[in-house]
Amino acid sequence: MAMKYLSGMAYKKLSFFSILAFLLIMDCLPAHAQNNPHQLKRIVLDAGHGGKDIGTPHFQLSMDEKDITLAIVLKLGKIIQDSMPDMQVIYVRKTDVYYKPAEHHEIANKANGDLFISVHVNSTAGRRIRVPNGYHYVGKGKHRRRVRSYKTVTRREATEASGTMTFVLGLHRNPQKSKAIENYSETATDEPGMLDADDPTTQILVAQYTQTFLSRSIDFASLVEQNLAKSGRNSYGVKQAGLEVLAGSAMPGVLIETGFINNPEDEKYLNSEIGQQQIALAIYRSIKSYKAELARKAKVSAIQN
Ligand SMILES: [Zn+2]
């Protein structure tokens, strides 16, 4: 969910500094992250939003996006730690705490992660409407009169769009074939910190990322969508978006939209222990397959060398 309280200017500054930080990191990265593409020892789990940034507000039930993402991430972390004792799990947050958008990937970079998994919840765009909001006075003396005030609010309605999609970094969206996607295409990438696709620095950054991390990110994203579909969810597949949280993390990474909060069935599922556990399990199975695939590729490259 976009952080609407950030002005356009704030976004620009944010992106600029994050990109600078990223470029610096790329230059002085420890060798393993760039040179050993087959390593998977450290996984960074990013529960989207947190604290004063609630993400998408709850619809008919009680959990806001930040609560759902944290619940899923904590379950996922536990499954990984129980089943893969050698895997190091780094949490961006384990509690309801606020970090600036750039801090999410900075934490991942400091931890030297091999894979970045950002968990989010989607929603379709609300309609912006003007509603009465008390009264105010205009004019002076005998011309002074009371007039109605209005404010603009976003009213969200229930959507029929239901299911998951997983984003990897890219400046252009994949061609959208599904009719359902057309209904919410504007919000399909409505997460904090969208990169400016026309900015030359951004283009360099994305090109570097693409070369180093994109194919592994797509491999993992495909597994996530496959496993979510196997657990009975509708999958919209792998998408690309200029998401700063991915661009800023110097490792393969994905951002998973785990469902639509303003779809009552999705919301019920996302609020339930079983739904959260099933999503966590689907992501865990994807990690397992991804790790096996990396090990297989490591063997092949060892034979070739
Ligand atoms: Zn979000």
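Under numbering that gives the first Met the number 0, the first residue of the sequence shown is numbered 0, with each subsequent residue one higher. Cβ atoms here follow ideal geometry from the backbone N, Cα and C, with glycine treated the same way.
| field | Beta-carbon proximity list for residue 85, same chain, < 8 Å, skipping 5 on both sides | value | Here residue 85 refers to the residue found at position 86 of the sequence shown. Closer than 8 Å at Cβ, skipping near neighbours: 40.
| task | Would you identify the three-state DSSP class for residue 265, choosing helix, strand or coil? | result | If you number the sequence shown from 1, residue 265 lands on position 266. Here residue 265 sits in helix by DSSP.
| Beta-carbon proximity of residue 157 to residue 262, cut-off 8 Å | Here residue 157 corresponds to residue number 158 of the sequence shown, with the count starting at 1. Here residue 262 corresponds to residue number 263 of the sequence shown, with the count starting at 1. Their beta carbons are under 8 Å apart, which means residue 157 touches residue 262 by this criterion.
| message | Quick test of your reading: residue 131 and residue 144, contact by CB under 8 Å. State the CB separation rounded to the nearest angstrom. | response | Within the sequence shown, the letter at position 132 stands for residue 131. Within the sequence shown, the letter at position 145 stands for residue 144. Not confirmed; about 16 Å, so no contact.
| task | Have a look at residue 268 and residue 212 and give me their C-alpha separation to the nearest angstrom. | result | Taking the sequence shown and counting its residues from 1, the one referred to as residue 268 is at position 269. Taking the sequence shown and counting its residues from 1, the one referred to as residue 212 is at position 213. Approximately 32 Å between the Cα atoms of the pair.
| request: Going by CA-CA distance only, name the one from 73, 154 and 190 that's closest to residue 256. | output: Locating residue 256 in the sequence shown gives position 257, counting from the first residue. Per the Cα distances, 190.
| What is the rounded straight-line gap between the Cα of residue 242 and the Cα of residue 50? | Along the sequence shown, read from residue 1 onward, the residue named residue 242 stands at position 243. Along the sequence shown, read from residue 1 onward, the residue named residue 50 stands at position 51. Between residue 242 and residue 50, the alpha-carbon positions lie close to 21 Å from each other.
| request: Pick helix, strand or coil for residue 92, following the three-state DSSP scheme. | output: Walking along the sequence shown from the start, residue 92 turns up at place 93. Three-state result, residue 92: coil.
| message | Suppose the cutoff is 8 Å on Cβ atoms and the five residues either side in sequence are ignored; what does the same chain contact list for residue 217 look like? | response | For the purposes of this step, residue 217 is taken as the residue at position 218 of the sequence shown. For residue 217, where only same-chain residues beyond five positions count, the Cβ hits under 8 Å are 167 and 237.
| query | Which residues in the same chain have their Cβ closer than 6 Å to the Cβ of residue 155, if we skip the five residues on either side of it in sequence? | reply | As a first step, residue 155 is located in the sequence shown; it is residue number 156 there, counting from the start. Closer than 6 Å at the Cβ level, and outside the excluded window around residue 155, lie 125 and 261.
| Relative to the alpha-carbon of residue 93, which residue among 105, 271 and 72 has its alpha-carbon at the smallest distance? | Translated into the one-based positions of the sequence shown, residue 93 becomes position 94. It is 72.
| message | If you measure between the beta carbons of residue 282 and residue 69, is that distance less than 8 Å? | response | Working through the sequence shown from its first residue, we reach residue 282 at position 283. Working through the sequence shown from its first residue, we reach residue 69 at position 70. The Cβ atoms of residue 282 and residue 69 lie no closer than 8 Å to each other.
| field | Beta-carbon proximity list for residue 228, same chain, < 6 Å, skipping 5 on both sides | value | As a working mapping, residue 228 is identified with position 229 in the sequence shown. Answer for residue 228: 234, listed in chain order.
| message | Buried or exposed for residue 65, going by 16 or more other Cβ atoms inside 10 Å? | response | Residue numbering aside, residue 65 sits at position 66 when the sequence shown is read from its first letter. Label assigned to residue 65: buried.
| message | Suppose the cutoff is 8 Å on Cβ atoms and the five residues either side in sequence are ignored; what does the same chain contact list for residue 61 look like? | response | For the purposes of this step, residue 61 is taken as residue 62 along the sequence shown, with counting starting at 1. Here the set comprises 270.
| message | Tell me the residue span of the beta strand (DSSP E) that contains residue 238. | response | Position 239 of the sequence shown, counting from 1, holds the residue named residue 238. Following the DSSP letters along the chain, one finds residue 238 inside the beta strand (DSSP E) bounded by residues 234 to 240.
| query | If we count the other Cβ atoms within 10 Å of its Cβ and call it buried at 16 or more, is residue 177 buried or exposed? | reply | As a first step, residue 177 must be located in the sequence shown, where it is residue number 178. With a pLDDT of 40 at residue 177, under the threshold of 50, the modelled position of that residue is not reliable, and no figure is offered here.
| query | So what's residue 128 in DSSP terms, helix, strand or just coil? | reply | Stepping through the sequence shown from its first residue, residue 128 is reached at position 129. Note: residue 128 maps to strand in three-state DSSP.
| Per-residue burial, residue 295 [other beta carbons within 10 Å of its own, 16 or more giving buried] | Numbered from 1 along the sequence shown, position 296 holds the residue referred to as residue 295. Burial call: exposed.
| query | Taking the alpha-carbon positions, what's the residue 244 to residue 200 distance? | reply | Along the sequence shown, one-based indexing puts residue 244 at 245. Along the sequence shown, one-based indexing puts residue 200 at 201. Between residue 244 and residue 200, the C-alpha separation is close to 16 Å.
| field | Classification of residue 63 by the beta-carbon crowding that lies within 10 angstroms, buried from 16 upward | value | On the sequence shown, residue 63 is found 64 positions in, with the first residue counted as 1. When all chains shown are included, residue 63 counts as buried.
| message | Excluding the 5 residues flanking residue 89 on each side, which residues of the same chain have their C-beta closer than 8 Å to its C-beta? | response | Numbered from its first residue, the sequence shown carries residue 89 at position 90. If we look at residue 89 and ignore the five residues flanking it on each side, its Cβ neighbours are 41, 42, 43, 44, 106, 107, 110 and 112.
| What residue range is occupied by the uninterrupted beta strand (DSSP E) comprising residue 35? | On the sequence shown, position 36 is the one that residue 35 refers to. For residue 35, no beta strand (DSSP E) run applies, since DSSP gives it neither H nor E.
| task | Measuring alpha carbon to alpha carbon, tell me which of 202, 265, 274 and 230 ends up nearest residue 246. | result | In the sequence shown, the residue the question calls residue 246 occupies position 247. Ranking 202, 265, 274 and 230 by Cα distance to residue 246 puts 202 first.
| message | Taking 7 Å as the cut-off, is the beta-carbon of residue 243 closer than that to any non-hydrogen atom of ligand 1? | response | Position 244 of the sequence shown holds residue 243. No, the beta carbon of residue 243 sits no closer than 7 Å to any heavy atom of ligand 1.
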